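Quick note on numbering: the first sequence equals residues 779 to 1359 in my numbering. Positions of the beta carbon are idealized from the N, C-alpha and C atoms, including for glycine. These figures come from a predicted structure and were not determined experimentally. Single-structure report; data block below.
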Amino acid sequence: MNNREVAHTFATIADMLAIRGDNIHRALAYRRAAEAIQDLGQDVNQVAAAGKLTDIPGIGQTLADKIKEMLTTGHLTFYDKLAQEIPPSLVGLLRVDGIGPKRARQLYETLGITNLDELAQAAQAGKLRELPKMGAKSEAKILQGIADLEKHGDERIPLGEAWPLAQEMLATLAAISGVTQTAVAGSARRMRETVHDIDLLIAAADAAPIMDAFVSLPQVESVSGRGPTKSSVTLVNGLQVDLRVLPADRWGTLLLYFTGSKAHNVRLRELALKQGLSLNEYGFTPADGRPEILCATEEEAYQTLGLPYILPTLREDRGEIEAALSGALPDVIRIEQIVSDLHMHTAWSDGKLSVLEMATAAKARGCQYIAITDHSASLGIAHGLSVERLRQQAEKIRQANEALGPDFRILHGTEMEIKADGALDYPDEVLAELDFVIASLHVSLKQPREQATQRILNAIHNPHVDMIAHPTGRLIGERPPADLDMETILQAAAETGTIMEVNANPHRLDLKDIYARRAMELGVKIAINTDAHNADQFDLLHFGVGTAQRGWATAVNVVNAWPLAQLLAWLQEKPKNLTRR
DNA sequence: GCCGTTTTCGGCCCGACTGTTTTCAGTCG
Ligand SMILES: Nc1nc2c(ncn2[C@H]2C[C@H](O)[C@@H](COP(=O)(O)OP(=O)(O)OP(=O)(O)O)O2)c(=O)[nH]1
Ligand SMILES: [Mg+2]
Ligand SMILES: [Mg+2]
Ligand SMILES: [Zn+2]
């Protein structure tokens, strides 16, 4: 079993335990374990083989044993036993908005409902309203929840799609009189690669007019909650949006709360309790009756706890609290430290602009140097360059360099295909003519793990290949990642000095956060690149920076935060690294 | 089930909103 499967089993057990009415903290322990495995930057099989399972926070001896059973036998006795009591399909009811573990159990015990279809039938037949603690309104809400689920599903949305929608809604609400501050919060602010909903925050003395405007926005399909400080709506496109409105003097704790993550919040609140303070979105309440402490900024809130400011992108309870407590919080990469972009396309392949136009646009955005990296010959669909065309392009690059003067440098590169059989698309002597060589996969992404991994390793072990771009080839929500032994790849990258990309395109974000984090642990250098095909796409860089921050990447490990001379020196080392082995 | 400057048992974050409730449970953030 892989990480995803182990995590899914634990998540299902968590739901089954909650439905059965077990101690809720026991169920939560399974849920936390599921998340811990899901967020692991290593293959759980490798961690188990190394005997390090209990090193994972949230995994104790009991769960470690259960993981080992799953990995060796492919199933879990505890799960099978639980499934005899609580049908696993019952867990599906929890996907319906308004149905939690208690209702799921009630529906199972009183009406014998075990899945979504049966629930829909019972609700349509008016059977739910007759149950104790239920009524016509509850039944209607559940019907609505089922309809929403059928219409829109409950898939998470790629960050790149949610982001502009969130900004747009926020701009609309910001225009209402009385609004003093606005923010996108939740997983979008933390730059998770996908989001379940959009969480918006507004500071205003009087919330009512804002709530009114919010629930009557034209893109709102239905209103699922409308209170004095909080409202929730579903948009016509199926996206859920939560809005919280509070007075500005509580902005710091409010933004802290609504940015999350939940796990980060819980840790902060536990920390507060140890200091005799109760923390919520309104502020800190001392247990001894001293007056409430209000925080207008997040910095003040962290300061109240004796902590340095923690960037939203780090707030996942993945060690940032411990790091903050011990003064070991990483000084993660910031967008203004990025001085180059090492992956982009021009009209020579499938881009839109000329070499000079891309370079000029990059320079205007503050770049000191770039690499032009058009596709290679075999990628016909993207008009990959023949060797002849590649050599012609070198002349254009030389001209553009002349035109732009000494403060800017265009490196001549390629994004070379690693073919299905593992062969590289250009011969070594051609690669030797280039300043910067990217290798990447676009075809045959469904190969078995050994084969796909070997293709990447072939590229890594070529002395001319400087960087692996978007290593897994995934397109979030569209195309699954290639099945790779990432640990082996990252180790090889570390040994050879091959750079791994964090592709900033929000449909890719590849390496993703947890692999970027693992890359840092293994001493791999990364580059954060836009893979721009036109000038506008340079502005996607912040998604890559956010992802790199989530990977705890610091500027010394991000090569396009380096001056050009430092990068060129690094690239020269690679052939030596290979012969040294 | 996890975990420990309250160390191996007893805690485990805290509040908004809804509906059916005569006092609050359930769900969700
Ligand atoms: N203290 C506390 N805060 C919570 C809890 N649940 C949610 N929050 C806060 C932190 C979350 O980031 C924020 C928004 O909640 P969401 O359910 O929308 O989660 P989030 O945006 O993090 O992830 P998502 O992509 O929406 O699933 O509210 C909770 O149980 N306790
Ligand atoms: Mg959210
Ligand atoms: Mg939300
Ligand atoms: Zn590309």
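How is residue i classed by DSSP in three states: helix, strand or coil?
i: Leu1055; result: strand
i: Thr960; result: strand
i: Arg1093; result: coil
i: Gly913; result: coil
i: Val1001; result: strand
i: Asp977; result: strand
i: Thr840; result: helix
i: Ala983; result: coil
i: Lys830; result: coil
i: Arg1022; result: strand
i: Ile954; result: coil
i: Ala1288; result: Note that residue 1288 is Asp in the sequence shown here, rather than Ala. In this structure, Asp1288 counts as strand in the three-state DSSP scheme.
i: Ala903; result: coil
i: Lys1008; result: strand
i: Ser1127; result: coil
i: Ile1071; result: strand
i: Leu854; result: coil
i: Asp895; result: helix
i: Asp926; result: helix
i: Tyr1087; result: coil
i: Ile1267; result: helix
i: Ser965; result: helix
i: Ser867; result: helix
Shorter than 8 Å, the distance from the beta carbon of residue i to the closest heavy atom of ligand 4, or not?
i: Ala1140; result: no
i: Glu1195; result: no
i: Ser1218; result: yes
i: Asp1203; result: no
i: Ala1198; result: no
i: His1153; result: yes
i: Asp1244; result: no
i: His1374; result: Missing from the structure shown is residue 1374; the chain here goes from 779 to 1359 and no further.
i: Ala1247; result: yes
i: Asp1119; result: no
i: Asp1288; result: no
i: Asp926; result: no
i: Asp1261; result: no
Is it the case that the CB of residue i approaches a heavy atom of ligand 1 more closely than 8 Å?
i: Ala1050; result: no
i: Tyr1035; result: yes
i: Asp975; result: yes
i: Gly1038; result: yes
i: Arg934; result: yes
i: Arg968; result: yes
i: Thr1325; result: no
i: Thr1091; result: no
i: Arg1028; result: no
Give me whichever residues DSSP pairs with residue i in a beta bridge.
i: Thr972; result: Pro936
i: Arg1257; result: Leu1253
i: Leu1013; result: Val998
i: Lys846; result: DSSP, once it has assigned bridges, lists no residue as partnering Lys846.
i: Met1122; result: Ala1310
i: Met1245; result: Ile1216 and Ile1277
i: Val1323; result: Paired residues: none, contrary to the question.
i: Val1117; result: Note: Val1117 sits in no beta bridge, so no partner.
i: Val1110; result: Thr1332
Kindly indicate the opening and closing residues of the alpha helix (DSSP H) around residue i.
i: Ile1292; result: Asp1291 to Glu1299
i: Asn781; result: Asn781 to Arg798
i: Leu1033; result: Trp1029 to Thr1037
i: Val1365; result: This structure leaves residue 1365 out entirely; the chain is present only between 779 and 1359.
i: Met1278; result: Run containing Met1278: none in the alpha helix (DSSP H); it sits in the beta strand (DSSP E), Ile1277 to Asn1281.
i: Val1336; result: Per DSSP, Val1336 belongs to no alpha helix (DSSP H) and is neither H nor E.
i: Ala1313; result: That residue, Ala1313, is in no alpha helix (DSSP H); it is neither H nor E in DSSP.
i: Leu806; result: Ile802 to Gln816
i: Asn1236; result: Arg1227 to Ile1238
i: Leu1346; result: Leu1342 to Arg1358
i: Arg873; result: Counting along the chain, Arg873 falls outside any alpha helix (DSSP H), and DSSP gives it neither H nor E.
I want to check one thing, is the minimum distance from the CB of residue i to the heavy atoms of ligand 2 below 8 Å?
i: Leu965; result: The question names Leu, but residue 965 in the sequence shown is Ser. Yes, Cβ of Ser965 sits closer than 8 Å to a heavy atom of ligand 2.
i: Asp1020; result: yes
i: His1042; result: no
I need the boundaries of the beta strand (DSSP E) containing residue i, first residue and last residue.
i: Asn823; result: No beta strand (DSSP E) holds Asn823; the alpha helix (DSSP H) holding it covers Val822 to Ala827.
i: Pro1064; result: Gly1061 to Pro1064
i: Ala1305; result: Ile1304 to Asn1307
Just list the beta strand (DSSP E) runs in the stretch 1147-1214, keeping only unbroken ones of 3 residues or longer that don't cross its boundaries, in chain order. Positions of the beta strand (DSSP E) runs, each at least 3 residues long and wholly inside the stretch 1147-1214, are given as 1147-1153 and 1187-1195 in order along the chain.
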